[in-house]
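This report concerns only the one structure given below.
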Amino acid sequence: MYSQTEILKEPGVISSNSTEGELVINIGPQHPATHGVLHLVVTLNGETVKKVEPHLGYIHRSIEKMCESLSYRQFIYVTSRMDYLSAHINNHACAMTVEKAMQIEVPARAQYIRVIMDELTRIASHELWWGALAMDLGAFTPFFYAFRERETINDIMEQTCGARLTMNYMVPGGVMADIHPSFQQKVKDFIKLFKSNIDEYDELVTGSIIFQSRMKGVGCLSKEDAISYGCTGPVARGSGVNCDIRKIYPYEIYKQLQFDEIIETAGDSFSRYLVRIKEMKESIKIIEQLIDEIPEGDYQAKTKAVIKLPKGEFYTRVETARGELGVYIVSEGGTTPYRIKFRSPGFSNLSALDHMVRGSKIGDLMATMGTLDLVIPDIDR
Amino acid sequence: MTNEEVKEFISGIHPSAVFDETGEWLNIQIDALEWKRLAKLLRNAPFNFDYLFCLTCIDWKTFMTMVYHLSSTIHRHTIVIKAKVDRADARIESVVDIWKTAEFHEREVYDLFGVHFTNHPDLRRLILTDDFEGYPLRKDYDDPVNMIKL
């Protein structure tokens with residue numbers, strides 16, 4: 019077998035292999051289907067995938083090491099750059115870990131705002147995934163449909179948080195600033211727009227027979243394997259695993275909310291697709307319950323200017339658009355973490371890719387990878 | 040399932056284990072040599088710790104600690120296993136055959152901490168390049184060019 023360096027030495031992308039009839043192909047690091055700088059070394063026999071070997075690290079910034087020299091107010095800003103499509107939720111996880119350690123009570127207003135922002139982020143993230151997945155399979159139009167709605171969310175974010183992608187809005191103790199006066203109205207307008215448009219998604223893509231035949235029975239993952247590979251989020255829920263952190267370990271005000279955990283049992287690409295589509299509708303349900311109920315009061319608890327965490331270990335898990343994000347802080351009592359670990363959902367989901375596509379055709383590799391919803395900075399960190 | 044049951048079970052097969060319940064979850068400090076045997080038993084009935092959701096390492100300058108966060112999807116119970124490894128010759132048995140997620144996570148720890156996982160099927164650097172020197176997440180690692188110090 020070729021090592022990474024040997025393959026890269028070869029000019030061009032294809033290199034012959036010692037095993038009879040097998041071909042090693044490099045997909046990426048720059049490739050439209052990998053949605054970022056992911057490098058897959060694929061061993062093929064004809065069109066059949068024999069092995070997929072991901073090579074990571076093209077966008078590795080060593081965020082964990084960086085955080086060791088950043089204060090508990092500063093390190094949150096770096097985490098927006100991990101899973102940039104779930105920036106709010108990443109910030110939320112970090113803020114919650116600090117709050118847990120300091121035993122800070124977050125005001126109700128901040129909790130409501132946080133959950134609304136999380137769910138808007140989840141919708142925005144799934145929108146982008148939906149458009150990009152269709153594009154992977156050769157349909158270009160859905161991308162524009164998805165961005166029509168996503169743009170509205172980005173505008174809402176811009177108005178309240180001052181940024182469209184890396185918001186850094188959640189801080190220890192609450193949120194950084196109060197919501198914009200027109201926030202509630204804009205969110206309600208968005209809900210109306212989304213509800214009138216979501217059926218188009220089904221008409222355009224979900225119901226398409228071409229799309230379905232490329233999705234059904236492709237990239238199968240059993241329930242046992244999903245757990246063993248540490249898959250979470252829509253990937254695991256597509257295989258019938260109850261793993262929605264919002265349900266099993268509720269945080270903030272999720273316990274009081276009415277929403278369903280979407281579970282599909284087929285375990286193929288199509289069920290992962292359905293989970294995300296239905297999840298968007300559940301998120302809308304959550305936002306509808308909260309948007310008129312935001313209580314008055316402070317948006318941030320009073321905290322000291324310099325945060326010192328007590329000695330100990332603190333772990334928080336939240337449900338991002340991709341699955342379970344864990345923040346593990348080991349504190350020695352100082353103003354910076356001694357060690358910090360981000361258990362990113364994409365990393366574990368990617369590790370199951372090889373298992374899922376072995377023996378299928380190379381076209382199915384793209385369809386499977388699309389439904390894993392990989393965000394590379396989240397994997398490399 | 041309660042922490043008491045887990046404690047009783049573990050002290051039965053590994054008497055020198057040290058328990059710590061001050062944190063959110065039960066912390067169990069074990070001998071690194073006992074880890075594989077214990078992991079197999081914890082994975083199976085009655086505890087069914089089938090979900091290894093976090094695998095990482097901490098460098099304490101004089102020694103290192105491997106940290107395994109285990110959870111059971113049936114009982115929804117979480118425990119933390121810790122094993123001390125030597126810094127100069129860091130090695131511990133791999134658990135890839137018990138939890139498949141360990142394959143990538145162990146490669147990551149090998150890459151960034153230099154812990155050698157015996158019987159790992161494919162132990163190579165995962166994130167850094169093959170010819171990278173040093174283990175960046177160790178506390179004594181220094182890179183005068185790229186490291187930001189505040």
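From first to last, the protein sequence lines are chains A and B. Quick note on the working numbering: the first sequence kicks off at 19 and runs consecutively. Quick note on the working numbering: the second sequence kicks off at 40 and runs consecutively. Don't be surprised by glycine CBs; every beta carbon is placed ideally from N, CA and C. Note that this is a predicted model, so its numbers are computed, not measured.
What does DSSP give as the partner residue(s) for Arg-335/A in the beta ladder? Gly-344/A
Residue from His-159/B, Thr-104/B and Asp-181/B whose Cα sits closest to the Cα of Ile-137/B: His-159/B
Report the rounded CA-to-CA distance for Val-45/B versus Ile-312/A, giving the unit in angstroms. 43 angstroms
What residue range is occupied by the uninterrupted beta strand (DSSP E) comprising Pro-72/A? 66-73
According to DSSP, what are the bridge partners of Asn-44/A? Val-59/A
Using a threshold of 8 angstroms, state whether the C-beta atoms of Leu-58/A and Gly-75/A are closer than that. no
Where DSSP assigns a beta bridge to Val-124/B, which residues make up the other side? Met-103/B
Note down, in chain order, each residue of its chain lying with its Cβ closer than 7 angstroms to the Cβ of Thr-321/A, except the 5 sequence neighbours on either side. Ile-122, Pro-190 and Gly-191
Sort Leu-183/A, Ala-164/A and Ser-378/A by Cα distance to Asn-109/A and report the nearest one. Leu-183/A
Looking only at its chain, what residues have a beta carbon closer than 8 angstroms to the beta carbon of Glu-28/A, apart from the 5 residues adjacent to it on each side? Model confidence at Glu-28/A stands at a pLDDT of 46, short of 50, so the residue's coordinates are unreliable; what they give is reported in the following sentence. The answer is none, since no qualifying residue turns up.
For Phe-162/A, count the other beta carbons within 10 Å of its own beta carbon; 16 or more makes it buried, fewer makes it exposed. Which is it? exposed
Please list the terminal residues of the continuous alpha helix (DSSP H) segment that includes Pro-309/A. The question names Pro, yet the displayed sequence has Ile at residue 309/A. Here the alpha helix (DSSP H) through Ile-309/A covers 287-309.
Going along the chain, which residues of the region 80-105 of chain A sit with their C-beta nearer than 9 angstroms to a C-beta in chain B? Ser-80, Glu-82, Lys-83, Met-84, Glu-86, Ser-87, Leu-88, Ser-89 and Gln-92
My parser needs the alpha helix (DSSP H) runs of 4 or more residues fully inside the region 68-129 of chain A; what are they? 81-85, 93-97 and 105-120
DSSP three-state label for Phe-86/B, please. coil
Measuring only the C-alpha atoms, how far is Ala-339/A from Pro-125/A? 25 angstroms
Counted within 10 angstroms of its Cβ, other Cβ atoms place Leu-72/B as buried (16 or more) or exposed: exposed
8 angstroms contact criterion, which Ala-51/A and Asp-136/A should meet: CB distance rounded: The Cβ separation is near 28 angstroms, so there is no contact.
Decide if Val-324/A is buried, meaning its Cβ has at least 16 other Cβ atoms within 10 Å, or exposed. exposed
Cβ contact (3+ pairs, closer than 8 angstroms) linking the region 119-132 of chain B and the region 143-155 of chain B: yes
Burial state of Ile-52/B, where buried means 16 or more other Cβ atoms lie within 10 Å: exposed
Which of helix, strand or coil does DSSP assign to Glu-47/B? helix
Boundaries of the beta strand (DSSP E) in which Gln-68/B is found, first to last residue: 65-69
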